[in-house]
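Okay, structure first, notes after.
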Amino acid sequence: MNKDIATPIRTKEILNKYGFSFKKSLGQNFLIDPNILRNIVGHANLTKESGAIEVGPGIGALTEHLARAAKKVVSFEIDQRLLPVLEDTLSPYDNVKIVHSDILKADVKQVIEEEMPGIQDIMVVANLPYYVTTPILMKLLNDQLPIRGFVVMMQKEVADRITAKPGTKEYGSLSIAIQYYVTAEVAMTVPKTVFMPQPNVDSAVIRLIRHEQPPVKVINEEFLFEVTRASFAQRRKTILNNLQSGLPSGKEKKDLIIEALESVGVEPTRRGETLSIEEFGKLADALYPHFCNGQ
17 MNKDIATPIR TKEILNKYGF SFKKSLGQNF LIDPNILRNI VGHANLTKES
67 GAIEVGPGIG ALTEHLARAA KKVVSFEIDQ RLLPVLEDTL SPYDNVKIVH
117 SDILKADVKQ VIEEEMPGIQ DIMVVANLPY YVTTPILMKL LNDQLPIRGF
167 VVMMQKEVAD RITAKPGTKE YGSLSIAIQY YVTAEVAMTV PKTVFMPQPN
217 VDSAVIRLIR HEQPPVKVIN EEFLFEVTRA SFAQRRKTIL NNLQSGLPSG
267 KEKKDLIIEA LESVGVEPTR RGETLSIEEF GKLADALYPH FCNGQ
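Going left to right, the sequence shown walks through residues 17 to 311 as our numbering numbers them.
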């Protein structure tokens with residue numbers, strides 16, 4: 017067994033060897049606890065036939081645990097300064113490919129086709145940069161990748177919003193946008209002390225597993241998300257008021273919005289956070305003819 021990268025002593029040795037300094041703009045916080053890393057990888061249920069996609073490998077702390085568990089690991093790193101570090105730290109593993117690219121601009125599907133031919137079970141497993149967690153998740157979900165799901169670390173507050181249930185203060189359009197594609201649960205919370213440097217926020221690992229079918233079938237997915245965003249624009253307002261303000265020509269179409277709400281059994285005085293994703297789906301379909309067909 018190779019000596020773990022993720023210990024405080026080894027991490028400091030590597031950083032000193034390469035004169036590496038952390039860039040706040042890239043949200044660089046490296047994990048320095050092998051037990052946490054083993055737990056993260058454990059939640060992904062990888063086998064020697066699995067592939068793992070990683071975002072932001074840093075100096076390779078999580079990457080090496082993935083390399084030990086999976087058949088192939090493909091890791092996207094934006095910071096060029098880390099490429100020689102990773103080449104060094106991951107030299108014992110011949111099943112790792114580092115892609116120097118911004119994940120938000122990368123053609124991940126093509127990379128999977130080239131680097132993981134024949135691998136049927138693929139998970140995204142990563143300690144995500146906290147400042148771009150949501151854009152990364154939404155991109156990877158919208159790209160319709162051939163993956164089973166995600167096990168990803170993020171700011172705890174964002175994790176709570178992503179996994180929130182209707183009727184809670186954390187529940188919002190982000191919860192629905194993610195849960196439309198996946199089941200979402202917090203797998204573990206992570207203390208600040210296991211990072212170098214320590215972040216100012218608490219962290220959590222969430223597990224997202226793809227639905228075979230979305231929980232609700234809608235005429236137009238983009239319109240569903242438009243309706244949910246409008247419904248949560250001002251949390252204290254009723255769903256009727258929010259939809260009037262948030263949908264194009266909503267004020268002039270107040271009667272049509274009331275009609276649509278009542279047709280799917282939603283009281284106009286309810287607030288967005290009380291509606292389930294199924295109710296939002298029915299509501300979006302009822303509103304669709306009035307807002308998307310040139311009426």
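Backbone N, C-alpha and C define an ideal beta-carbon position, used for all residues, glycine too.
Every value quoted in this text rests on a predicted model; they were computed, and no experiment measured them.
In angstroms with no decimal places, state the Cα-to-Cα distance between residue i and residue j.
i	j	result
E29	S37	13 Å
G262	Y34	51 Å
Q96	D118	11 Å
M17	N45	In this predicted model, M17 has a pLDDT of only 48, less than 50, meaning its place in the structure is not dependable; the value taken from the coordinates is given anyway. Those two C-alpha atoms are separated by around 25 Å.
Q311	P305	The pLDDT assigned to Q311 is 44, lower than 50, so where the model puts this residue is not dependable; a value taken from the coordinates is nonetheless given after this. For Q311 and P305, the distance between alpha carbons rounds to 8 Å.
T205	K172	7 Å
K270	G281	17 Å
H227	V141	18 Å
T179	P108	37 Å
I312	V57	The requested residue 312 does not occur in the structure, where the chain is confined to residues 17 to 311.
N236	A193	13 Å
Is the beta carbon of residue i less than 8 Å from the beta carbon of residue j?
i	j	result
M170	T199	no
Y196	P231	yes
G72	E93	yes
L47	L78	yes
D110	E65	no
V89	A83	yes
F239	C308	yes
R223	A203	yes
G266	I274	no
L190	I152	no
L53	A22	yes
L299	V243	yes
A302	S279	yes
P213	Y146	no
G183	T63	no
V168	V221	yes
Taking C-alpha atoms, which residue in the options lies nearest to residue i?
i	options	result
T209	D218, Q195, D20	D218
K13	K121, E131, Q126, T105	No statement about residue 13 is possible, as the shown extent of the chain runs from 17 to 311 and does not include it.
Q99	V282, I114, I69	According to the sequence as given, residue 99 is Leu; it is not Gln. Measuring from the Cα of L99, the nearest candidate turns out to be I114.
K233	V57, I75, A22, F296	F296
F241	D123, L224, G288	G288
I225	M154, N216, A60, C308	A60
I128	H81, V168, Q160, D20	Q160
T285	S292, E275, T254, D301	T254
G67	L144, I235, I52, F166	F166
L156	I135, L31, E70	E70
For residue i, does the count of other Cβ atoms within 10 angstroms reach 16, so buried, or fall short, so exposed?
i	result
N257	buried
R251	exposed
G76	buried
Q260	buried
E268	exposed
I3	Residue coverage of the chain in this structure runs from 17 to 311, which leaves residue 3 outside it and unanswerable.
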